[in-house]
Structure formats: C-alpha cells, structure tokens
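Comments concern the structure below.
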Amino acid sequence: MSKELKTGIIALLIIALGIWGYNFMKRQDLFSPNSRHFYVEYKNINGLSEASVVTINGLQVGKVDAINFNTKPEKRGTLLVRLSLEDGFQFSKKSVAKIYSAGLMGGQNLAIVPSYEGEMAKSGDYLQGQIESDLISSFGEKLNPLQSKIESVLNQADSLLVGINQVLDKKARASLNRSVLGIEGTVNSLNKTMVSFNKLLEENKVKINVTLDNTKKITEDFSKVSDDLAKADIGETVKKLESTIDNVNSLIKGIESGKGTLGKLVSDEKLYTNLANATKEMEELLREMKLNPKRFVHFSLFGKKAKPYNEDNNNKNVSNQ
1 MSKELKTGII
11 ALLIIALGIW
21 GYNFMKRQDL
31 FSPNSRHFYV
41 EYKNINGLSE
51 ASVVTINGLQ
61 VGKVDAINFN
71 TKPEKRGTLL
81 VRLSLEDGFQ
91 FSKKSVAKIY
101 SAGLMGGQNL
111 AIVPSYEGEM
121 AKSGDYLQGQ
131 IESDLISSFG
141 EKLNPLQSKI
151 ESVLNQADSL
161 LVGINQVLDK
171 KARASLNRSV
181 LGIEGTVNSL
191 NKTMVSFNKL
201 LEENKVKINV
211 TLDNTKKITE
221 DFSKVSDDLA
231 KADIGETVKK
241 LESTIDNVNS
251 LIKGIESGKG
261 TLGKLVSDEK
271 LYTNLANATK
281 EMEELLREMK
291 LNPKRFVHFS
301 LFGKKAKPYN
311 EDNNNKNVSN
321 Q
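Numbering follows our numbering, with no gaps: position 189 of the sequence shown is 189.
Here it is, written out as structure tokens:
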C-alpha cells in the first residue's frame, strides 16, 4: 500500500470522526437517524436551542434540528423550529409541542403532548406550540401584580399621611398629644384600681369564702324544701280545699234561699223584727227590775209598803226606792 493511499485513508477517517464528533456534540446519532421531521412556530422560544431534547411522556424521542426566523411576510418575526423524531410513536396533528424548563440551572427542552384525536401526524406537518412557564418566570408573573398592588397601597398611604399632616396642625397635634397622655393616665389609674381591688379581695378572702359557704348551704336547704314540697301530696290537699269551698258555697246558697234556721233568720224580715222587739222588751224589763226590784219582789218584816211606781223616775233611769 502506497504512502499516498495510507494518507488518504487516514484523512477520511479524520473527516468521518470530525463529522461524527460534531453530530455527537449536537446529540445526533448517525447510526440511527431520525426519519420524521415536524415544524412548530413560536413568537418566543424562551431560550430553546438547537440539539435540545424532544420528549414524549418523559421519554427522549428526538431533538431540535434547527431554529430559524420565518420567511413568510405575514408571519415576520416568528421563529420556526424543526424537530426530528423517531418512528416508534404515533400521534395526531392536534398534538402540542410545549417548551419547558429542564431544571433550575437553566436550559430548555421540548415535550410533545400527544393527542390521538383526528388525523395522525406525518413528516413535514406543523404542530401547535406552547411555552410552559418555569419557576422563576411563574414567580415573576405572580409577583408583578403583587408589586403593583403594593405600589398602589404605598401611594395611598403616602397620600393619607400627607392629608393627616395637612389636617393636624400644631394645635391639633398638641391636642392629640394631650389626649394620648390622658389615656395613659387613665390606664395608670385603672392599674392602681385593679391593684387595690386585688388587695381588697386578698384581705376579705376568708369572709368571701364564708359567704359562699353560707350561700351554698342556703341553696341546699332550699333544695331540700323543694324536694319536700315535691313529695307532699299537694294535689290531694287542693282537692280537699276545693271540696270544702264547695260545701261553704252550698251552705251560703242555702242561707240565701231561706233554708234552715239561719236561712229563715236571714231571709224572714218579720222574724227578725219580732226578735228585735223581744230583745228590746227584754232589755227594758231588765232595766225595770234593776231600778224597781220591789215592784216584782216585795218582802218586809215590819209591814212597810212599797213605794208606788214613778214613771218619771223610770224614764230618767233613777231608782224609785
């Protein structure tokens, strides 16, 4: 073998190794080339680069071949990403190519979110593109509205302080200081009152305990009385009382209707008049016997005659003896 042939073979090997190394650095495998190519349009690729990994359900199935600006006039400014995928997995044209963060240290990969509805995707088709917010971007997106709200609150607080400073002149501020001092004095007085109250409670602790014991005893006695009342046959007593009242009512009705001696005495006016006259005559008879006893009983050893009846003395209630 000539020296020139050896040199040519070595040069070809070096060129082949260089091509293989270049493709290896770009994560391309010359021994198992990808057979399908797809395109995705993005307005922002968020740091996606050529040779970035393409995955389906977390499994690496391809890579990003190229990223170029779209040459179509109506889509000027958009980026066109070319993907190379293996043939082992089928999905429809409605599938989504989503750019996502590969880790906290940076780097972006592309994941195919497969869909199985509709026509299956073929090499050269366009897929829908999406960008998944990474942790920092998501935090920034949530922080921006919060920052706006904080700035708005600070502006309002600043305006409020300015308004307070304008309203509270020197005289108002002095009055406010006096009010604060007054409140402080009130709090101090309240503290002193509480100390005195605690001292009073401590000094009368024994008396308070005795009072509580007496109260407890009274409560217990009242409870016993309540038990005795509950045990007593109050219902039977009430029934007897009602029966007695009914009897009294019947007796009163009998008296009112003139039944019995008492009823006749109450209702018969003639009997009442006769009884009253008899009483009056009995009273006059007793008075006459008292004033002129000899008129009714005469007894004399010496034959002395009794004095005659004197009506004038009798009317004057004077004895005729």
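Glycine included, C-beta positions come from ideal geometry on N, C-alpha and C. Bear in mind the structure is a predicted one, so any value in this text is a computation, not a measurement.
- DSSP places Lys43 in the coil class of the three-state scheme, outside both helix and strand.
- For Phe69, no alpha helix (DSSP H) run applies; the uninterrupted beta strand (DSSP E) run containing it begins and ends at 59-69, by DSSP.
- Annotation for Arg82: the continuous beta strand (DSSP E) segment containing it runs 79-85.
- Scanning its chain for C-beta atoms nearer than 6 Å, with the 5 sequence neighbours on each side dropped, one finds around Val96 the residues Val113, Gln128, Gln130, in chain order.
- According to the DSSP assignment, Ala174 belongs to the alpha helix (DSSP H) that extends over 170-203.
- In this chain, the alpha helix (DSSP H) harbouring Asn274 covers 269-291.
- In this structure, the beta-carbon distance from Glu50 to Ala66 falls below 9 Å.
- For Gly129, the beta-bridge partners assigned by DSSP are Ala97.
- Between the alpha carbons of Ile99 and Leu48 lies a distance of about 7 Å.
- DSSP places Gln90 in the coil class of the three-state scheme, outside both helix and strand.
- In the structure shown, Ala11 falls within a helical segment according to DSSP collapsed to helix, strand and coil.
- By the Cβ neighbour-count rule, Val64 is buried, with 16 or more other Cβ atoms within 10 Å of its own.
- The Cβ atoms of Thr55 and Leu110 sit closer than 9 Å to each other.
- Excluding five sequence positions before and after Tyr116, the CB atoms of its chain that fall closer than 8 Å to its own CB belong to Phe91, Ser92, given in chain order.
- If you look at Leu48, you'll find it isn't in any alpha helix (DSSP H); DSSP assigns it neither H nor E.
- Looking only at Arg36, Thr273, Met282, the smallest Cα-Cα distance to Ala121 is reached by Arg36.
- The three-state secondary structure of Ala111, taken from DSSP, is strand.
- Classified as exposed, Phe69 has fewer than 16 neighbouring CB atoms from the shown chains inside 10 Å of its CB.
- Rounded to the nearest whole angstrom, the CA to CA distance from Glu151 to Val195 is 48 Å.
- Beta bridge pairing from DSSP links Ile56 with Leu59, Ile112.
- Here Thr78 has Glu41, Tyr42, Lys43, Phe69, Asn70 as same chain residues with Cβ atoms under 8 Å from its own Cβ, once five neighbours each way along the sequence are excluded.
- Of the other Cβ atoms in all chains shown, fewer than 16 fall within 10 Å of the Cβ of Gln147; this residue is therefore exposed.
- Ser2: not part of any alpha helix (DSSP H); DSSP gives it neither H nor E.
- For the 9 Å CB-CB criterion, Gly62 and Leu83 form a contact.
- Taking a C-beta distance under 9 Å as the contact criterion, Gly18 and Ser52 do not qualify as a contact pair.
- In the DSSP assignment, Gly254 falls within the unbroken alpha helix (DSSP H) covering 234-257.
- Under DSSP, Phe222 takes part in no beta bridge, so it has no partner.
- If you ignore the 5 residues before and after Leu201, its C-beta comes within less than 8 Å of the C-beta of Ile208, all in its own chain and listed in chain order.
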